[in-house]
Amino acid sequence: MKYICELFSIKYPIIQGGMGNISNASLAAAVSNAGGLGTIGCGTMNPEQVEAIILETKDKTNNNFALNIPINVSPYTDELINLVLKHDIPVVSLSAGNPAPIIPLLQKKNIKVIAIVASVKHAQKAQAAGADVLVAEGFEAAGINSNLELTTFTLIPQISKHVTLPVLAAGGIGNGQGLAAALMLGASGVQLGTRLIATQEAPFHPSYKQKLMEAMGNDTFILGRSVGQVRRVLKDPYTEKILNLEKCGLSPVDFREMTSEVHHINGAMNGDVNNGFMNSGQVAGLIDDMPTVKELLDGMMKDAKKQMEDGLSRLSTPFMI
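Position one of the sequence shown corresponds to residue 187 (my numbering), numbered consecutively onward.
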């Protein structure tokens, strides 16, 4: 945990996940200002759009933040790497593709590289390629996911056992209990996504935040299994429509169109549940308030310490036979 904080020059071992085309400077800066590592997710945005968010984030925080590049999703990967170098972004996370060709380009400039992985095999390849840190993401997580569908609880100890790099846990984590559990499973910290949506600084549609606070554990489901493009979303009329179309044989091309970033923005930013979707992890079932980002991160750290102390206390209590 201490190593992660030193490596990224942050106070807490908590980083923000990339949020694709709904990424914004307000939330990324708030996470960095609160002691975590804020992240700008590039999604399919063009370089001019990403650069505008980078510049705004720099105006809002003097602390480190990261850029997430989804290698095979973005049509602008090379241009985004150039933006990283131009603006001296200290940390880059690479997902949705092979990071091996990109890692040396970044590390020549002393940029720390996070690789997003979903299996031991992926983790070992990323380590061999030279990544500095791994984010191991279970399929409880929101948005585009691995079709391997390994849960966070089983994934973290498997990967931690087979690599020497620090591992951050992602998927199903949104409070101090989750942070403590991740550390006990062998992680060095956590990545948050869905939990950060329901914060005061997050500039998403109020109905998105309200739906997360009202959601139960079974109010998310997986789309895309039929076409090999797994994505976890909140239940709403639009996502139910997609699921029903899948049952009737929705084509991969039509699925991609219906789950494009246009429809993501319709749901998350405009609150249009009839023409758009809202990504959500299963952690939505644990969300019932909307704190500031600082209150969330401070509270997670405080509660994680208490959870670990209480756990040790329970283990040391004599058992009556």
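Don't be surprised by glycine CBs; every beta carbon is placed ideally from N, CA and C.
Keep in mind that this is a model prediction, so the values were computed, not measured.
Where residue i sits in the DSSP three-state scheme
{"i": "residue 218", "result": "helix"}
{"i": "residue 482", "result": "helix"}
{"i": "residue 368", "result": "helix"}
{"i": "residue 425", "result": "helix"}
{"i": "residue 430", "result": "helix"}
{"i": "residue 303", "result": "strand"}
{"i": "residue 336", "result": "coil"}
{"i": "residue 351", "result": "coil"}
{"i": "residue 380", "result": "helix"}
{"i": "residue 316", "result": "coil"}
{"i": "residue 436", "result": "coil"}
{"i": "residue 202", "result": "strand"}
{"i": "residue 497", "result": "helix"}
{"i": "residue 330", "result": "strand"}
{"i": "residue 391", "result": "coil"}
Beta-bridge pairing of residue i - partner residues as DSSP gives them
{"i": "residue 407", "result": "419"}
{"i": "residue 298", "result": "277"}
{"i": "residue 323", "result": "356"}
{"i": "residue 465", "result": "419"}
{"i": "residue 396", "result": "According to DSSP, residue 396 bridges with nothing at all."}
{"i": "residue 291", "result": "Answer is none; residue 291 lacks a bridge partner."}
{"i": "residue 226", "result": "253"}
{"i": "residue 375", "result": "354"}
Residue from the options with nearest C-alpha to residue i
{"i": "residue 253", "options": "227, 243, 245, 192", "result": "227"}
{"i": "residue 272", "options": "351, 213, 436, 233", "result": "233"}
{"i": "residue 472", "options": "444, 384, 443", "result": "384"}
{"i": "residue 417", "options": "474, 323, 345", "result": "323"}
{"i": "residue 280", "options": "307, 315, 247", "result": "315"}
{"i": "residue 276", "options": "236, 225, 482", "result": "225"}
{"i": "residue 400", "options": "307, 470, 241", "result": "470"}
{"i": "residue 426", "options": "435, 437, 440, 460", "result": "460"}
{"i": "residue 346", "options": "361, 378, 310", "result": "310"}
{"i": "residue 371", "options": "344, 312, 329", "result": "344"}
Neighbourhood of residue i by C-beta distance below 7 Å, restricted to the same chain and skipping five residues each side
{"i": "residue 368", "result": "342, 355, 359, 376"}
{"i": "residue 468", "result": "326, 358, 403, 406"}
{"i": "residue 196", "result": "221, 222, 223, 250"}
{"i": "residue 336", "result": "304, 305, 324, 325"}
{"i": "residue 455", "result": "208, 390, 391"}
{"i": "residue 365", "result": "359, 376, 486, 490"}
Proximal residues to residue i (C-beta, below 6 Å), its chain only, five neighbours per side dropped
{"i": "residue 389", "result": "210, 212"}
{"i": "residue 393", "result": "457"}
{"i": "residue 412", "result": "432"}
{"i": "residue 332", "result": "304"}
{"i": "residue 299", "result": "278, 289, 292, 317, 318"}
{"i": "residue 438", "result": "413"}
Neighbourhood of residue i by C-beta, 8 Å cutoff - its chain only, sequence neighbours within 5 removed
{"i": "residue 363", "result": "489, 490, 493"}
{"i": "residue 477", "result": "385, 386, 485"}
{"i": "residue 410", "result": "416, 417, 432, 441, 445"}
Segments of 3+ residues assigned as beta strand (DSSP E) that fall wholly inside the stretch 230-282: 251-256, 277-281
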